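Here's the structure we're looking at; comments come further down.
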Amino acid sequence: MTVRVSRTFEFDAPAADVWAFISDAEKRAGAISVVDTFEVHGDGTATWHVALPVPMIRSTITVETEEVERDPPNRVKFVGRSSAFRVTGEHTITETDGGCRLANEFVVEGKLPGVESFFKRNFDGELDNLEDALRRSLTLDA
Numbered sequence: 060m061t062v063r064v065s066r067t068f069e070f071d072a073p074a075a076d077v078w079a080f081i082s083d084a085e086k087r088a089g090a091i092s093v094v095d096t097f098e099v100h101g102d103g104t105a106t107w108h109v110a111l112p113v114p115m116i117r118s119t120i121t122v123e124t125e126e127v128e129r130d131p132p133n134r135v136k137f138v139g140r141s142s143a144f145r146v147t148g149e150h151t152i153t154e155t156d157g158g159c160r161l162a163n164e165f166v167v168e169g170k171l172p173g174v175e176s177f178f179k180r181n182f183d184g185e186l187d188n189l190e191d192a193l194r195r196s197l198t199l200d201a
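Our numbering puts the first residue of the sequence shown at 60, with every later residue one more than the last.
See below:
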């Protein structure tokens, strides 16, 4: 089973400010609650150490991520690969009157029992975390 989730956020902020957050691998990883620690390598790759409360997983999972598409300041797409799952995340910014819209899409393909059901149950909360972190960033930068 593949888990797919999409959500769009509206901001009364310039697209460039939203891009500054969403294109930053450190800020994206830091907003996700199951990312225990991470290292950004500076070449479009990062390593996430993910702690999933799934019965078959007793320690953090190392997820090697890489940006596979980058079209500043409109779109960034990344892929993360691990022994437990593969995740694809895509963020697209569109300017609107007085602000911008951020469309987010994530796809997770689990390789171990329980991984997909975890993401199915928790994706909405993780997207809330991403939105909250982005809104805080916009407030701090204002």
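By construction, the Cβ of each residue, glycine as well, lies at the ideal position given by its N, Cα and C atoms. Owing to the predicted nature of the structure, the values given are computational and were not obtained by experimental measurement.
Unbroken beta strand (DSSP E) stretches of 3 residues or longer found wholly inside the region 105-191: 120-130, 134-140, 144-155 and 158-169, given in chain order. Under DSSP, Ser65 takes part in a beta bridge, and its partners are Glu164.
For Val122, the number of other beta carbons within 10 angstroms of its own is at least 16, and it is reported as buried.
The Cβ-Cβ distance between Arg134 and Glu149 falls below 9 angstroms. Closest in C-alpha terms to Val138, from the list Ser176, Val166, Pro132 and Pro114, comes Val166. When the alpha-carbon of Thr147 is set against those of Ala79, Arg180 and Val127, the nearest one is in Val127. Cβ neighbours of Gly169 within its own chain (closer than 6 angstroms, five residues either side excluded): Phe144 and Glu175.
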